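J.:
Protein chains: 2
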Amino acid sequence: MTTISPSPRPLTRKGQETRQRIVDAAAGLIFRQGVAHTTIEDVRAAADVSSSQLYHYFDDKPALVRAVVDHQADTMIGGQETFDFSTLEGLRAWRDFLVAAQREHDCNGGCPIGSLGGQLAETDPEGRAHVAEGFKRWEATIQSGLREMQARGELTPDTDPDTLALALLAALQGGLLLTQVKRDTKPLEAALDAMIELVARLSGGSW
Amino acid sequence: MTTISPSPRPLTRKGQETRQRIVDAAAGLIFRQGVAHTTIEDVRAAADVSSSQLYHYFDDKPALVRAVVDHQADTMIGGQETFDFSTLEGLRAWRDFLVAAQREHDCNGGCPIGSLGGQLAETDPEGRAHVAEGFKRWEATIQSGLREMQARGELTPDTDPDTLALALLAALQGGLLLTQVKRDTKPLEAALDAMIELVARLSGGSW
DNA sequence: CACAGAATGGATAGGGCAATCCATTCCGTT
DNA sequence: AACGGAATGGATTGCCCTATCCATTCTGTG
Numbered sequence: 000m001t002t003i004s005p006s007p008r009p010l011t012r013k014g015q016e017t018r019q020r021i022v023d024a025a026a027g028l029i030f031r032q033g034v035a036h037t038t039i040e041d042v043r044a045a046a047d048v049s050s051s052q053l054y055h056y057f058d059d060k061p062a063l064v065r066a067v068v069d070h071q072a073d074t075m076i077g078g079q080e081t082f083d084f085s086t087l088e089g090l091r092a093w094r095d096f097l098v099a100a101q102r103e104h105d106c107n108g109g110c111p112i113g114s115l116g117g118q119l120a121e122t123d124p125e126g127r128a129h130v131a132e133g134f135k136r137w138e139a140t141i142q143s144g145l146r147e148m149q150a151r152g153e154l155t156p157d158t159d160p161d162t163l164a165l166a167l168l169a170a171l172q173g174g175l176l177l178t179q180v181k182r183d184t185k186p187l188e189a190a191l192d193a194m195i196e197l198v199a200r201l202s203g204g205s206w
Numbered sequence: 000m001t002t003i004s005p006s007p008r009p010l011t012r013k014g015q016e017t018r019q020r021i022v023d024a025a026a027g028l029i030f031r032q033g034v035a036h037t038t039i040e041d042v043r044a045a046a047d048v049s050s051s052q053l054y055h056y057f058d059d060k061p062a063l064v065r066a067v068v069d070h071q072a073d074t075m076i077g078g079q080e081t082f083d084f085s086t087l088e089g090l091r092a093w094r095d096f097l098v099a100a101q102r103e104h105d106c107n108g109g110c111p112i113g114s115l116g117g118q119l120a121e122t123d124p125e126g127r128a129h130v131a132e133g134f135k136r137w138e139a140t141i142q143s144g145l146r147e148m149q150a151r152g153e154l155t156p157d158t159d160p161d162t163l164a165l166a167l168l169a170a171l172q173g174g175l176l177l178t179q180v181k182r183d184t185k186p187l188e189a190a191l192d193a194m195i196e197l198v199a200r201l202s203g204g205s206w
């Protein structure tokens, strides 16, 4: 579900499949090697297409990268629909899931969206906008959980669920970055545990 | 104070000045445009040196980038020596300082070290190691503050100050990343306020 | 002052990579 | 079956950028 889609180019089924294959290949390569070190030739080979196909479906490399950003946002957000952000148990299950996922990658790659943010923010304004949009959608899912929590009276009335959701997402991003750099899941664990602990304590105090 | 310095090349005063000029120029450019979009030619022009000088002082571009990482770590950590991490007022003053600093840059650039981490982690193992080292030093200053706080009895005995310091740093990094991507200081404020609120509440509860 | 090594200048090679171009083939529609 | 547009193939262009090379000028030391 791409939020920013300007040109409704006519695409046959086969075309959509090819396009998707390109995006998938690009997403994998970019996740593993970063934007700058992923060449069009790399993507071309990995997706098993010709270079003209790449430029048939995408105007240029930045356009492909934007498609990857949207794709990663879709994947990431979709993969978390199973978690319940409106209970402490749900939040803790989410935390365990995220930590396990990092361990599986040996702490490589960081956040599929966040790491793109750091790479694009100062060099690709449009790409940055797409990342911001992805974060916004992600934030929304956390927000709705916390709002529900508050509606049930399990969160202090003077707590702003939206601000708390933003803080939670920030802690997650920072935890992932530190984990990626240190190749150790401790930072991610510490960051999420701390924020969840705060949520727990906000079920009674004031903030 | 570079922690990793293998080759003690003989340098005259003039040489050191030139080298420093190169690192300063590179640091500024990289902060503003990222590693990949900063060319040796850019640095050469900004530092007003010849290309042979660049390769006289640095083996290659990655080596220059490592020097920049160390330089940014020194700068960042040095610039925070004035803050007292052992009191809530100190932490809040630090928070205000960081937020103000981001506002001054119009939320551009993100964290001088953290943003480098995201760019180097998967493509430059040595660079990543330098970033990790920088974080380690940064962490240490926060740790000592929180330990002192605990020693004064202002922090619950069953709180681990080192883990809390790590969480604080993670929240900061995530806040900076989101702030950079959204071009809005709210994420940084939310992240730091949340963590400081937790610290405040850990002056009485259990964790 | 003479010598060695450091510092500087500038030109250039050489590789990598984004993007273009011209065909050719496939596919749906009438 | 014929037509138009989509999809594909692969060669090629042209630029950007890292790194090297050789020559020349400083600077400190004995």
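From first to last, the protein sequence lines are chains A and B.
Numbering-wise (numbering that gives the first Met the number 0), the first sequence opens with residue 0 and increments by one.
Numbering-wise (numbering that gives the first Met the number 0), the second sequence opens with residue 0 and increments by one.
Ideal Cβ placement from N, Cα and C applies to all residues, glycine included.
Quick caveat: nothing in here was measured; it's all calculated off a predicted structure.
Use the C-beta contact count for E138 (chain A): other C-beta atoms within 10 angstroms, 16 or more gives buried, fewer gives exposed.
T.: Counting Cβ neighbours within 10 Å, E138 (chain A) comes out buried, since at least 16 surround it.
J.: My output table needs one value for R182 (chain A): the three-state DSSP class, helix, strand or coil.
T.: DSSP places R182 (chain A) in coil when its eight states are reduced to three.
J.: Quick one: list the residues of chain B neighbouring A189 (chain A), beta-carbon separation under 7 Å, in chain order.
T.: Within 7 Å Cβ-Cβ: T162, L165, A166, A169.
J.: Enumerated in chain order, which unbroken segments of the alpha helix (DSSP H) with a length of 4 residues or greater are wholly contained in the stretch 42-70 of chain A?
T.: Segments of the alpha helix (DSSP H) lying fully in the stretch 42-70 of chain A: 50-56.
J.: How many Å lie between D23 (chain B) and G14 (chain B) at the Cα?
T.: Each residue's Cα considered, the two are about 14 Å apart.
J.: Under the three-state reduction of DSSP, which class applies to S202 (chain A): helix, strand or coil?
T.: In this structure, S202 (chain A) counts as coil in the three-state DSSP scheme.
J.: Can you have a look at L90 (chain A) and say buried or exposed, based on whether 16 or more other CB atoms are within 10 angstroms of its CB?
T.: Result: buried.
J.: Under 9 Å, do L87 (chain B) and A199 (chain B) count as touching if we go by C-beta distance?
T.: Yes, they are a contact pair.
J.: Residues in the stretch 108-134 of chain B with C-beta within 8 Å of chain A's C-beta atoms, listed in sequence order?
T.: Flagged, chain order: G108, G109, G113, S114, G116, G117, Q118, A120, E121, T122, R127, V130, A131, F134.
J.: In or out: L145 (chain A) buried (at least 16 other Cβ within 10 Å) or exposed?
T.: That one is buried.
J.: Within its chain, find whatever has a CB closer than 7 Å to the CB of T76 (chain B); leave out the 5 residues flanking it on each side and keep chain order.
T.: Checking the sequence, you will find Ile at residue 76 (chain B) rather than Thr. R136, W137, T140, listed in sequence order.
J.: Using a Cβ cut-off of 9 Å, pull out every chain B residue sitting near H36 (chain A), in sequence order please.
T.: Those are A35, E121, T122, listed as they occur along chain B.
J.: Return the CA-CA distance between F84 (chain B) and L191 (chain A), expressed in angstroms with no decimal places.
T.: So the alpha carbons of these two residues sit roughly 21 Å apart.
J.: Skipping 5 residues on each side, what residues in its chain have a beta carbon closer than 6 Å to that of G116 (chain A)?
T.: Only V130 meet the Cβ criterion.
J.: In this structure, does DSSP put Q79 (chain A) in helix, strand or coil?
T.: Looking at Q79 (chain A) - three-state DSSP - the assignment turns out to be coil, as it is neither helix nor strand.
J.: Consult DSSP for R31 (chain B) and reduce its assignment to one of helix, strand or coil.
T.: Here R31 (chain B) sits in helix by DSSP.
J.: What three-state label does DSSP hand P124 (chain A) in the structure shown?
T.: Looking at P124 (chain A) - three-state DSSP - the assignment turns out to be helix.
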